[in-house]
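Shown next, in structure tokens, is the structure this report addresses.
Residue numbers (the numbering used here): 250 to 509.
What follows is the structure, given as structure tokens:
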């Protein structure tokens, strides 16, 4: 599929989805004076690349116009001073929806590296109180824990179940919750980490099982299933290649606004 065609389809899907989310929301009424509708999304975890792609309507790190850019597999050093994307490190600076979305909504993004070592309770409670009321909450966990050999599947299962319960029942008892699986890792191991194919599969299954324990207010964003041919393990990272990020984002909006 050509890049421009893909971008156009993504934008059509996103714009329609943003409107449907607004219609279903009782939190942010239509601002008829501005002719726009407001939506707030609160995100926790490892989704910086997904948001970079959404921030300029999928034009970021274009594989067609800039095929040699290292961001196709690793964007860690792309913005070391956080000038281009301040919202990556500052949870109080939101990413405003692109103009093409015809909405004045925002993403509030908080990083969440490992559930086993971080004080995640404070991380999820503070934004739920200090940020504008969220319509949708998206959480991503597992990648950081997979890399640590001290985190067994049993330890991660206990930590993740407690984390998800706190998100669903305490921090955001009324919002739709989207839960993202870890990245796919299908071959070998990444040096100096515990990242490997079997661990990524086991941790993804733990998250799948946890989500299935809840009602339809909690949905699974299963990116693990998308990337068997799009991993960057040969470059020494657990990231998906840039090409699969658009598919991940399309899957997200399909979850939020299913096509009837």
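Glycine included, C-beta positions come from ideal geometry on N, C-alpha and C.
Taking residue 309 as the centre and dropping the five residues before and after it, the same chain places the C-beta of 301 and 302 closer than 7 Å to its C-beta, in chain order. Shown here for residue 370: same chain residues with a beta carbon closer than 7 Å to its own, the five before and five after excluded, namely 415 in chain order. For the alpha helix (DSSP H) assignment, the uninterrupted runs of no fewer than 4 residues enclosed by the region 369-427 are, from N- to C-terminal side, 369-379, 392-395 and 402-415.
DSSP places residue 300 in the uninterrupted alpha helix (DSSP H) bounded by 297-304. The beta carbon of residue 473 sits closer than 8 Å to those of 430, 431, 432, 433, 449, 450 and 453, all from its chain and outside the five residues before and after it, given in chain order.
Annotated as proximal: residue 296 and residue 389, with beta-carbon spacing under 8 Å. Residue 456 places its beta carbon 8 Å or farther from that of residue 417.
Per DSSP, reduced to three states, the secondary structure at residue 446 is helical. Of the other Cβ atoms in all chains shown, fewer than 16 fall within 10 Å of the Cβ of residue 419; this residue is therefore exposed.
When 407, 353, 382 and 342 are compared, the shortest CA-CA separation from residue 366 is found for 407.
CA-CA distance, residue 494 to residue 402, rounds to 26 Å. One alpha carbon belongs to residue 363, the other to residue 312, and they sit about 30 Å apart. Excluding five sequence positions before and after residue 460, the CB atoms of its chain that fall closer than 6 Å to its own CB belong to 428, 467 and 469, given in chain order. Counting along the chain, the unbroken alpha helix (DSSP H) around residue 503 starts and ends at 491-505.
Counting along the chain, no beta strand (DSSP E) covers residue 366, and no H or E run does either. For the 8 Å CB-CB criterion, residue 396 and residue 338 do not form a contact.
Looking at the DSSP output, residue 434 shares a beta bridge with no other residue. Taking the Cα positions, residue 290 is about 22 Å away from residue 392.
In the structure shown, residue 457 adopts helical secondary structure according to DSSP, grouped into three states. In the three-state scheme derived from DSSP, where H, G and I count as helix and E and B as strand, residue 320 is classed as helix.
Shown here for residue 373: same chain residues with a beta carbon closer than 7 Å to its own, the five before and five after excluded, namely 293, 415, 416 and 420 in chain order. Minimum Cα-Cα distance from residue 463 among the listed residues 332, 410, 315 and 336 corresponds to 410. The C-beta of residue 368 has fewer than 16 other C-beta atoms within 10 Å across all chains shown, which makes the residue exposed. By alpha-carbon distance to residue 475, the top candidate from 333, 484 and 501 is 501.
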